[in-house]
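The structure appears below as structure tokens.
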Amino acid sequence: MRWEEGEDSYPGIPARVVQYEAPEVGSDNLCRVWMIDDTDNSFSTPPFQIRYARQDVFLSIMISFYLSFGEYEGQSSAVILKFELMHAPITETGSELQGSLDAYATSAHEYKIPPKALLGLHSYCPVHFDAFHAVLVDTSVHISLLKASYHTSPQKVSSDSRGSEGAYVEDYVGSNKVMLIKALMAAHDILLEDLRRISTGIDKAIDLTEITFEADATEWFSSTPPAHVKSIDGETLHQLSDETHISAEVHNSGNKAAHYINDLSKSFEPFSWDGHLLSSFESLGNQLLCLWNIFLKFHRENKTKILEFLRKSWAIDRRTEWSIWMVHSKVAMPHQYMGNGVEGTSLSHGIRRSSIIARRLTDDPIQTAMMRAELHRSGIAQMRINNRSIQDMYIFGDPLLVPIIIVECLTNMHYPANVNSNGIPLEDEVRHILENGPRTTKKLCGSSPHQNEHILRIVVFVHGFQGNHLDLRLVRNQWLLIDPKVQFLMSEANEDKTSGDFREMGLRLAQEVISFLKKKMDRASRSGNLKDIKLSFVGHSIGNLIIRTALTESIMEPYLRYLHTYVSISGPHLGYMYSSNSLFNSGLWILKKFKGTQCIHQLTFTDDPDLENTFIYNLSKERTLANFQNVLLLSSPQDGYVPYHSARIEPCPAASLDFSRRGKIFQEMLNNCLDQIRTHSDHRVVMRCDINFNTSSYGRNLNTLIGRTAHIEFLESDIFAKFIMWSFPELFR
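Position in the sequence shown (from 1) plus 14 gives the number in this note's numbering.
See the structure below:
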């Protein structure tokens, strides 16, 4: 722990360690003791053996740090919390392991505590480290200005100084003391308010009968310093020497304090600062210490409930905080794009279609999306982030490097007579119920479940062309953070086999999923009553077409009723019929010409001379998307590997100009897919999420020119997934 400004500033000093529960006793012969290093003022938890599998390690430790304001730090400077993940090879003796820890810092995660939070803060602080060391350390941070003192720097006054200068120095020093008193009072009220808030939040009473406030201790101080005295953010702080008490567990904020201060004019003349200030320091210091001890006792008795309360508050606050990089909107899907008769030959329809074409010719969707994101990014560059929340330095370290996400929630515009109130054609609704049965979520709304009843939640991750089963591990990690009990399948059925026919790849995936499902269902049935199943899919690139193909297999039919959330990451749902990337198209031609890659023929509609017999056209007729409760279509205008309109399932400007049979086939495909993503339920969510990465650090190279950088960035970055998933956590549970 250190001040953000100045490497030579006063560090946080570990002062007290509380072991809430006895450490686990294992068979690994490790010396399970914590350590404090006086050299760098760091604290190390007891070591534990890594099993390279999902494991929970219960530390149950609170460490208190004392952080002192120096001669130049102050509330204008933030505090940095640094968490390091230490690693060492297993040796025969635990002492050897302990002695080698310092040489193996493998990863670090930093948080910033803003200046506003130094008076008091109680916050959940999840530590994740990085993509290669995916963990979750449940940490809470509690901050209070616990005690304070002040000192006065020697003032040099020349022999010919006027008498008024002596009065100036006295007023200056006195005002510094008043500002410190105000800080103590604010810290007192923040801590008191947070105690009440946490007590209410966890529904546990807290005894505050010992707390009294002596109003006369502060009635001597003006609410504003003299005009010639600088504020607490300026030179005033050079006169202060405060200590901020920070512990690695939690608390939050509130404010009062101004009503304790009366006008200085009520005091008598001459005014003696020292006596009254000393009384105020003692009174406020004692009350803050009493409040802090009450909190520590309350935390010790309710540590799990407090952590859970703060975690929920953190999740809610992140949705607001991350809105800096997210733009939300609702987009109505016009009916003229949804009906199969959209390509009618009537004169009136032709005029209407021409007007649509004219509007689309005026702008390029890709350029429009990129300009919109860059305009938003330029606004962030001028923004001053000045809040009280603890800040993740992976995000706030350089806010301009964070992706801009445009979220469009799709809604139905209007419905014809044969469409129900939810926006689904009545005949389709009847067919959906007959084929798949009523959605099992209705069972969730019934009576309270029995103790042994539980819901089996499974997520299947499918990689893209020439991909690896671990490609989507970052999205998986975020999903696990939201729902630690979820079961996941990183599909390996098509690894090294993505050059063949999509039908073969889909069958292999379906068989793999069913085998995994049956194994998990049998285990869940043995342990209790299996109430429901939620089956979700995440696909990258052509992995999305493999998923949709697998869902058409007859062996998957009994499980379609359990489909929950589908996340499509840059998936070419409409193929490459209209692809404007000439360099990438040349690569596709080479794969078809010299390697005979069947899936590339299918993607480019050259797998059959008759377009109506092509694979992707016929896949669009299968209602593979209609069965999902939630559909998220992730795309990027910078991704040159997948056509922008194909990933978003939206009209294409080039297709709007194509009056040939090719254009008609595309329009039918589009309508078939759009019919499936209409919101046919009040609880269904369908979103398009446009991600604009900051690729400035990559420079101009072949990868950025052909659009590969953004396509791969979906796999190498998890911030976009974190923002989307934590903004809509209900879709991933």
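Even for Gly, the Cβ is constructed at its ideal location relative to N, Cα and C.
CB of residue i within 8 Å of CB of residue j, strictly
i       : j       : result
Asp-208 : His-136 : yes
Ser-594 : Asn-558 : no
His-578 : Asn-644 : yes
Val-149 : Cys-139 : no
Leu-133 : Ala-197 : yes
Leu-625 : Arg-675 : yes
Leu-486 : Val-527 : no
Cys-703 : Leu-648 : yes
Ile-157 : Phe-323 : no
Met-701 : Cys-304 : no
Met-683 : Ile-496 : no
Phe-57  : Pro-103 : no
Ile-380 : Pro-651 : yes
Arg-517 : Ala-131 : no
Lys-534 : His-468 : no
Leu-222 : Ile-308 : yes
Arg-692 : Met-347 : yes
Cβ-Cβ separation, residue j to residue i (assumed contact under 8 Å), whole Å
i       : j       : result
Ile-418 : Ala-387 : 4 Å
Trp-306 : Leu-160 : 6 Å
Ala-735 : Gln-492 : 5 Å
Arg-522 : Ala-507 : 4 Å
Val-341 : Ile-420 : 5 Å
Cys-687 : Ile-663 : 5 Å
Thr-512 : Gly-481 : 7 Å
Asp-76  : Val-141 : Just to set this straight, residue 76 is Met in the shown sequence, not Asp. At roughly 15 Å, the Cβ-Cβ gap does not stay under 8 Å, so Met-76 and Val-141 are not in contact.
Gly-26  : Leu-81  : 4 Å
Leu-414 : Asn-627 : Between Asn-627 and Leu-414 the Cβ distance is about 49 Å, and since that is not below 8 Å, they are no contact.
According to DSSP, residues forming a beta bridge with residue i
i       : result
Pro-140 : Asp-152
Ile-418 : Asn-706
Val-473 : Phe-502, Ser-550
Lys-344 : Cys-423
Val-656 : In the DSSP output, where bridge partners are listed per residue, Val-656 has none listed.
His-697 : Answer by DSSP bridge pairing: none, since His-697 is not bridged.
Arg-16  : Ile-94
His-468 : Leu-544
His-147 : Asp-144
8 Å Cβ shell around residue i - same chain, five flanking residues per side excluded
i       : result
Tyr-590 : Asn-599, Leu-602, Leu-617, Thr-618, Phe-619, Pro-657, Ser-660
Asp-732 : Ala-145, Leu-488, Val-489, Asn-491, Gln-492
Ser-121 : Glu-98, Leu-99, Phe-143, Asp-144, Phe-146, His-147
Terminal residues of the alpha helix (DSSP H) in which residue i lies
i       : result
Pro-498 : Neither: Pro-498 is in no alpha helix (DSSP H) and is coded neither H nor E.
Arg-398 : Counting along the chain, Arg-398 falls outside any alpha helix (DSSP H), and DSSP gives it neither H nor E.
Ile-404 : Counting along the chain, Ile-404 falls outside any alpha helix (DSSP H), and DSSP gives it neither H nor E.
Asp-624 : Asp-624 -> no alpha helix (DSSP H), and no H or E assigned at all.
Pro-667 : 667-670
Ile-528 : 516-541
Lys-609 : No alpha helix (DSSP H) contains Lys-609, which DSSP labels as neither H nor E.
His-725 : 722-730
Phe-734 : 733-741
Same chain, Cβ closer than 6 Å to residue i, five either side skipped, listed in chain order
i       : result
Ile-630 : Gly-589
Gly-713 : none
Ile-547 : Leu-470, Tyr-576
Leu-597 : Ile-720
Ile-560 : Val-476, Met-519, Gly-520, Leu-523
Phe-530 : Leu-503
Glu-19  : Ser-91
Residue-level contact to chain B via CB, residue i, 8 Å cutoff
i      : result
Ser-82 : Here chain B cannot be found, since the structure has a single protein chain.
Proximal residues to residue i (C-beta, below 7 Å), its chain only, five neighbours per side dropped
i       : result
Asp-536 : none
Leu-494 : Val-500
Asn-269 : Here Asn-269 scores only 35 on pLDDT, less than 50, and its place in the model should not be relied on; the value that follows carries that caveat. Correct list, in chain order: Ala-200, Asp-203, Ile-204.
Trp-328 : Ser-137, Tyr-138
His-615 : Lys-606, Asp-621
Pro-743 : Ala-329, Ile-496
Start and end residues, beta strand (DSSP E) containing residue i
i       : result
Leu-647 : 644-649
Thr-120 : 119-127
Tyr-408 : It is not in any beta strand (DSSP E) - Tyr-408 instead sits in the alpha helix (DSSP H) that spans 407-410.
Lys-96  : 93-100
Val-581 : 577-583
Tyr-80  : 75-82
Asp-51  : 49-51
Ser-58  : 56-58
Gln-33  : 27-33
Near the ligand SAM: residue i beta-carbon under 7 Å from a heavy atom
i       : result
Glu-636 : The ligand SAM is not part of this structure, which contains no ligands at all.
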